[in-house]
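A.B. asks:
In this note's numbering, the protein residues as written are 465 to 656.
1. Check for me: the alpha helix (DSSP H) holding residue 588 runs from which residue to which?
2. Compare the Cα-Cα distances from residue 586 to each of 564, 574 and 570 and report the closest residue.
3. Quick one, are the C-beta atoms of residue 636 and residue 655 less than 8 Å apart?
4. With a threshold of 8 Å, are at least 3 pairs of Cβ atoms found where one atom belongs to the region 601-613 and the other to the region 570-582?
5. Would you identify the three-state DSSP class for residue 560, choosing helix, strand or coil?
6. Who are the Cβ neighbours of residue 549 in its own chain at under 7 Å, not counting the five residues just before and after it?
7. Tell me the residue span of the beta strand (DSSP E) that contains residue 611.
8. Mind checking which residues open and close the beta strand (DSSP E) that includes residue 651?
9. Would you mind giving the Cβ-Cβ distance between residue 647 and residue 551, rounded to the nearest angstrom? I have them listed as a contact below 8 Å.
Listed below in structure tokens is the structure:
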């Protein structure tokens, strides 16, 4: 049998199963038409659902991105708060460190060497503890060039010699920095 014969036999079997065709349209044509009408509705329903899904997905992505930004921002703010709190504590400890230095100067004049050693040990331990938390002394010595960004000039005096003109003549109070930030500028006397 050829392909043509098989196709003709198949068409005859279909006609027998369908019965007489009065209107000229087969039931299959009507079903296809009904499917097309409901298909259009389904397509529009499907398209609508796809649009809704796309909108909800967009909302979700925006909300997720906003939440990620919120987490980053709060984390950064929290770190800044800890740094600021640590800085405030360090600044409040600096006068105590200065008092230890003054006490050692006075005890060096006295004859009580044991007291001097005890206070010096406490000062060293206190200083090392602050250093382990990031505190560093801003190194300034006589003859250094005056830098308004680093130094705090409390007064100007006539320079004792020409080399000290516009330079640091004396350091009145030590300066300190915490990490890269100066938390107390060294107070200096500048020669003019």
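Idealized CB from N, CA, C, for every residue including glycine. Remember, predicted model here, so these are calculated numbers, not experimental data.
C.D. replies: Based on what the coordinates show:
1. Here the question's residue 588 lines up with position 124 in the chain shown. Note, residue 588: alpha helix (DSSP H), 577-596.
2. Taking the first residue of the chain shown as position 1, residue 586 is located at position 122. With distances taken between Cα atoms, residue 586 lies closest to 564.
3. By one-based count along the chain shown, residue 636 stands at place 172. By one-based count along the chain shown, residue 655 stands at place 191. No. Outside cutoff.
4. no
5. Here residue 560 is taken as the residue at index 96 of the chain shown, counted from 1. Note: residue 560 maps to helix in three-state DSSP.
6. Taking the first residue of the chain shown as position 1, residue 549 is located at position 85. For residue 549, where only same-chain residues beyond five positions count, there are no Cβ hits under 7 Å.
7. Position 147 of the chain shown, counted from the first residue, corresponds to residue 611. Premise fails: residue 611 is in no beta strand (DSSP E) and is neither H nor E.
8. Within the chain shown, residue 651 is the residue found at index 187, counting from 1. Looking at the DSSP string, the run of the beta strand (DSSP E) that includes residue 651 is 651-655.
9. By 1-based counting over the chain shown, the position of residue 647 is 183. By 1-based counting over the chain shown, the position of residue 551 is 87. With a Cβ gap of about 6 Å, residue 647 and residue 551 count as contacting.
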